[in-house]
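Asker:
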Amino acid sequence: MMVRAWALVALLLVACLPLWAQTATDATLPSVVQSPVEYPPAAVSAGEEGTVMVALEVDASGRARDVRVHASSGHPLLDEAALRSVAHWSFRPATRKGEPVAQPIRVPVAFRLDRQEGAMTAPSVASLGGALLCLLGTAVWLIGFVWSVVLAKRRSILWLSGMVAVWIVTYPIFVAVHWSVAKRTLAVVLGGLFLCFLGLYIAPSA
Numbered sequence: 213m214m215v216r217a218w219a220l221v222a223l224l225l226v227a228c229l230p231l232w233a234q235t236a237t238d239a240t241l242p243s244v245v246q247s248p249v250e251y252p253p254a255a256v257s258a259g260e261e262g263t264v265m266v267a268l269e270v271d272a273s274g275r276a277r278d279v280r281v282h283a284s285s286g287h288p289l290l291d292e293a294a295l296r297s298v299a300h301w302s303f304r305p306a307t308r309k310g311e312p313v314a315q316p317i318r319v320p321v322a323f324r325l326d327r328q329e330g331a332m333t334a335p336s337v338a339s340l341g342g343a344l345l346c347l348l349g350t351a352v353w354l355i356g357f358v359w360s361v362v363l364a365k366r367r368s369i370l371w372l373s374g375m376v377a378v379w380i381v382t383y384p385i386f387v388a389v390h391w392s393v394a395k396r397t398l399a400v401v402l403g404g405l406f407l408c409f410l411g412l413y414i415a416p417s418a
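In terms of our numbering, the sequence shown has 298 at position 86, counting the first letter as 1, and numbering is strictly consecutive.
See the structure below:
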């Protein structure tokens, strides 16, 4: 008699298993429908990247409620942007027995900058200005240099060859020996050198 009773219970359990499985599979989790992410311009300029784990509750209407940071990215700007973004996301609510229900979930919000390997960046205004100053300074220096050579040529042909070979060394000597001639071009030469060095200083610091 006991054996028959246990057999009947076992048959009932086997018969109810599909119903239990159907009830279990009838429950679904929330899913994201729209997920726009706001990347703060200040974070982009600072090169900040990271992933924020956001905890929230998706209510029966598919709206985000009680949005909070579960795991920080390490950057306050990204954490705040993740909260603002998720608060405006659209969700498909969880269901239980075919009816929408509220369900707490966690979603990762990743912030990644697009870096193309080998991509060339546009030169800054300062770097362009420095390059132009270098060109202008070189032109002014050449004018002063040629002018100095022309004035010195009648005095001594040796100054011409020496200034061309090692101008940076011979020019101070030329100024000292031929001051009456050199003083006419000294301001031009020094002005050109100043512009060159100013351009070199500005361009790398940009």
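Glycine residues also receive a C-beta, built at the ideal position from the N, C-alpha and C atoms.
Keep in mind it's a predicted model, so treat the numbers as computed, not measured.
Less than 7 Å between the beta carbons of Val270 and Pro305, yes or no?
Answerer: yes
Asker: Could you name the residues of the same chain whose beta carbon sits closer than 7 Å to that of Thr240, not counting the 5 residues immediately before and after it, in chain order?
Answerer: Ala306, Thr307
Asker: On the criterion of 16 or more Cβ atoms from any shown chain inside 10 Å, does Val401 qualify as buried, or is it exposed?
Answerer: buried
Asker: Mapping the DSSP letters down to three states, classify Pro305 as helix, strand or coil.
Answerer: coil
Asker: Do you know how far the Cα of Thr350 is from the Cα of Gly341?
Answerer: 14 Å
Asker: Glu261 by DSSP, collapsed to three states: which one?
Answerer: coil
Asker: Which same chain residues, not among the five before or five after Glu261, have their C-beta less than 7 Å away from its C-beta?
Answerer: Phe323, Arg324, Leu325
Asker: Mapping the DSSP letters down to three states, classify Pro312 as helix, strand or coil.
Answerer: Residue state, collapsed to three classes: strand.
Asker: On the DSSP bridge assignment, give the partners of Ala239 in chain order.
Answerer: Answer is none; Ala239 lacks a bridge partner.
Asker: Whose CA, out of Pro320, Val264, Arg280, lies closest to the CA of Val244?
Answerer: Pro320
Asker: Could you give the C-beta distance for Ala276 and Val298, rounded to a whole number, given that I count them as a contact under 8 Å?
Answerer: 6 Å
Asker: So for Leu407, helix, strand or coil by DSSP?
Answerer: The DSSP-derived three-state label of Leu407 is helix.
Asker: Closest to Trp301 by C-alpha separation, out of Ala343, Ala254, Pro248, Ile317, would be which residue?
Answerer: Pro248
Asker: For the alpha helix (DSSP H) containing Arg174, name the first residue and the last one.
Answerer: Residue 174 falls outside the range modelled here, since the chain spans only 213 to 418, and no answer is possible.
Asker: So for Pro253, helix, strand or coil by DSSP?
Answerer: Three-state DSSP puts Pro253 in a helix.
Asker: With distances taken between CB atoms, is the gap from Leu290 to Val256 smaller than 7 Å?
Answerer: no
Asker: Can you list, in chain order, the residues of its chain whose CB lies under 8 Å from that of Val281, leaving out five sequence neighbours each side?
Answerer: Within the same chain, and ignoring the five residues on either side of Val281 in sequence, the residues whose Cβ sits closer than 8 Å to its Cβ are Val264, Met265, Val266, Ala267, Asp291, Ala294, Leu295.
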